[in-house]
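Line by line, the protein sequences are chains Z and P.
Numbered by my numbering, the letters in the first sequence go through residues 1 to 266 in order.
Numbered by my numbering, the letters in the second sequence go through residues 1 to 248 in order.
Idealized CB from N, CA, C, for every residue including glycine.
Predicted model, so just to flag it, every value in this text is computed and none were measured.
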Amino acid sequence: MRCSARRIWGLLYRHITLYRRSWPRLIELVYWPVLQMCIWGFTAQFISSRMGSPLVMAGGLLLAGVLLWEVALRSQMGVAVSFLEELWSRNLGHVFVSPLRPAEMVAGLIIVSMLRMLAGVLPAIGLAYLLYAFNLFILGPVLVLFFANLMVMGWWVALGVVSLILRHGAGAETLAWAVLFGLTPLSAVFYPVTVLPAAIRPLALALPSTHVFEGMRAIVVHRELLWSEMGWSACLNVAWMAAAIVLFARQFHAARVRGALLSIGE
Amino acid sequence: MDAIVASGLTKRYGRGPLAVDGLDFRLPEGTTVGLLGGNGAGKTTTLALLLGLLVPTAGRINVLGHDMAEDRFAALQRMNFSSPYVALPQRLTVAENLRVYGHLYCVPRLEQRIATLAGELDLGPLLGRPVGELSAGQKTRAALAKALINRPDVLLLDEPTASLDPDTADWVRGWLEHYRAESGAAILLASHNMDEVERLCSDVLMLKQGRIVDRGSPEALIARYGREDMEQVFLDIARGRKPARLPA
């Protein structure tokens, strides 16, 4: 157990040291969440100023949606990009012949992802308060559940992306940035799920994020906490995470059979 | 006692030809064995199989009493590996890299171990420098320190002196001899440098198209082929010439 914790710390130390020595990486962590928040914040401010008080709430919904969605995005990229860092530095061979177990590697990547997400999203939350007087924490303690569910969703999507990189090589690395963006329309981040065409609603409801955002809107609009939405989100996360772990384990084994761990690249 | 026992070791990638074809060999503790062969002979595949990076198509590998199919992490804890084709993170300093791998291998009294290695491998002035800023020879020493961070009982080396100047290469060879003698470790060395093989290896496995086509000590092979050095033996085997004398 002690050695397992040390191996996870070893991986964590590698990434913390990398970020400490690379200011462009540090800036990149904060850049996108803050940029998104600014674009949507000014948009929300403009709509509210032109169309009156009913849309002030809509502005708040937009900002809350942006900031919460960044939690999922940054969590997913945190895992996927940290894995890609090993690939880019041609260091995967050393990592995979060390006693680091795949589960420990995933645990290390998840902790790195949490740190990256907090480093990116917390400044954006602070700026939203300073620029637009929008306080995300008015959502209350349930915010912890929103964060947790969106982080877990980011992790299982990232495990899927890493599995695809193991299967298809670095050619699949653009998925690290693209996959979760592609799920944005289905996640009903900025509008209720009922806005979506009926045919694709089941797809949207199969995503944990959709239930988080439905729950978020219920709190902001009706001051109502929908535990059922939180329950759905958590259960779906468990199911998707289990599927992602199976996929990752299979692709990792398949990579060892094919020799992909030796030659993973373009 | 044997540090590595490989039996019937076979690897085929997809539907291609056999990359490794039924290898049987043992690597006794305290010895250095050379794995020789031309490009595509199966050296890298063999090393990858021994390290658990690859799953064999058939056959078994036992390292330090652990079956690699069942219990590879227990074996990996006591093994290590170095190759010029696998890099260390370039932005991290030498000391930071050694700390990362020290933690991954759960090395006790890590800072003391790093200081010892820095002294032995003359890395002291380089500990605070990013690996990306080092010369090829300095990188090789840093990689060697990484490979020795856990005092491995089995050390697998892929061309440890490739692209080094003769002085640095000689120094690395001397250090490997010292480490084997001092630790009793088993070293498996894949190399294209025949002088290196003659100097370091007590035994040699000659690979061709995934098969062991000859084996023996460098002296025995040189005598068997009626040649003056391993370079000529290597060329004989690569070009399909038969030994002048049959093995005793």
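Same chain, Cβ closer than 6 Å to residue i, neighbours up to 5 away in sequence not counted
i: T57 (chain P); result: T10, K11 and R12
i: T210 (chain Z); result: S187, A188, V193 and A204
i: V30 (chain Z); result: G120 and P123
i: Q76 (chain Z); result: G154, V157, A158 and L180
i: A244 (chain Z); result: W156, L159 and G160
i: R7 (chain Z); result: L100 and E104
Buried or exposed (CB count within 10 angstroms, at least 16 for buried), residue i
i: K242 (chain P); result: exposed
i: W155 (chain Z); result: buried
i: V71 (chain Z); result: buried
i: E266 (chain Z); result: In this prediction, E266 (chain Z) scores a pLDDT of 45, lower than 50, which makes its location untrustworthy; no coordinate-derived value is stated.
i: V204 (chain P); result: buried
i: G240 (chain P); result: exposed
i: R113 (chain P); result: buried
i: W23 (chain Z); result: exposed
i: V195 (chain Z); result: exposed
i: E173 (chain Z); result: buried
i: I200 (chain Z); result: exposed
i: R72 (chain P); result: buried
i: M1 (chain P); result: exposed
i: A198 (chain Z); result: exposed
Any C-beta of chain Z under 7 Å from that of residue i
i: A87 (chain P); result: yes
i: E96 (chain P); result: yes
i: L18 (chain P); result: no
i: T10 (chain P); result: no
i: V213 (chain P); result: no
i: L53 (chain P); result: yes
i: Q77 (chain P); result: yes
i: V154 (chain P); result: no
i: L104 (chain P); result: yes
i: R113 (chain P); result: no
i: R151 (chain P); result: no
i: L92 (chain P); result: yes
i: Y13 (chain P); result: yes
i: A238 (chain P); result: no
i: A118 (chain P); result: no
i: A41 (chain P); result: no
i: V100 (chain P); result: yes
i: A48 (chain P); result: yes
Nonlocal neighbours in the same chain, by C-beta distance under 7 Å from residue i, ignoring five residues either side
i: A234 (chain Z); result: N149
i: R199 (chain P); result: R173
i: D24 (chain P); result: A6, S7 and G8
i: E231 (chain P); result: M194
i: A176 (chain Z); result: M77, A80, V81, L84 and V161
i: G59 (chain Z); result: A44, Q45, I47 and S48
i: L263 (chain P); result: Here chain P comprises residues numbered 1 to 248, so residue 263 (chain P) is not present and cannot be evaluated.
Close-in-space but distant-in-sequence residues of the same chain around residue i (CB under 8 Å, 5 per side omitted)
i: A260 (chain Z); result: L166, R167, G169 and A254
i: P102 (chain Z); result: F248, A249 and F252
i: L262 (chain Z); result: G93
7 Å Cβ cutoff met for residue i and residue j
i: N62 (chain P); j: V5 (chain P); result: yes
i: D153 (chain P); j: R224 (chain P); result: no
i: L188 (chain P); j: L27 (chain P); result: yes
i: L87 (chain Z); j: R91 (chain P); result: no
i: G78 (chain Z); j: M117 (chain Z); result: yes
i: K208 (chain P); j: G37 (chain P); result: yes
i: T44 (chain P); j: V20 (chain P); result: no
i: R20 (chain Z); j: V100 (chain P); result: no
i: L12 (chain Z); j: G108 (chain Z); result: yes
i: A69 (chain P); j: E29 (chain P); result: no
i: G42 (chain P); j: G210 (chain P); result: yes
Within-7 Å CB hit, residue i to chain P
i: L262 (chain Z); result: yes
i: Y13 (chain Z); result: yes
i: G108 (chain Z); result: no
i: W156 (chain Z); result: no
i: G259 (chain Z); result: yes
i: W9 (chain Z); result: yes
i: V112 (chain Z); result: no
i: F271 (chain Z); result: Since the displayed chain Z opens at 1 and closes at 266, residue 271 (chain Z) lies outside it and no answer follows.
i: W40 (chain Z); result: no
i: H168 (chain Z); result: no
i: R116 (chain Z); result: no
i: R250 (chain Z); result: no
i: P208 (chain Z); result: no
i: V97 (chain Z); result: yes
i: G65 (chain Z); result: no
i: T194 (chain Z); result: no
i: G78 (chain Z); result: no
i: L84 (chain Z); result: no
message: So within the stretch 118-189 of chain P, which uninterrupted alpha helix (DSSP H) runs reach at least 4 residues, ignoring any that extend past its ends?
response: Entirely contained in the stretch 118-189 of chain P, the alpha helix (DSSP H) runs reaching 4 residues are, in chain order, 136-148 and 166-183.
message: So within the stretch 58-121 of chain Z, which uninterrupted alpha helix (DSSP H) runs reach at least 4 residues, ignoring any that extend past its ends?
response: 92-96
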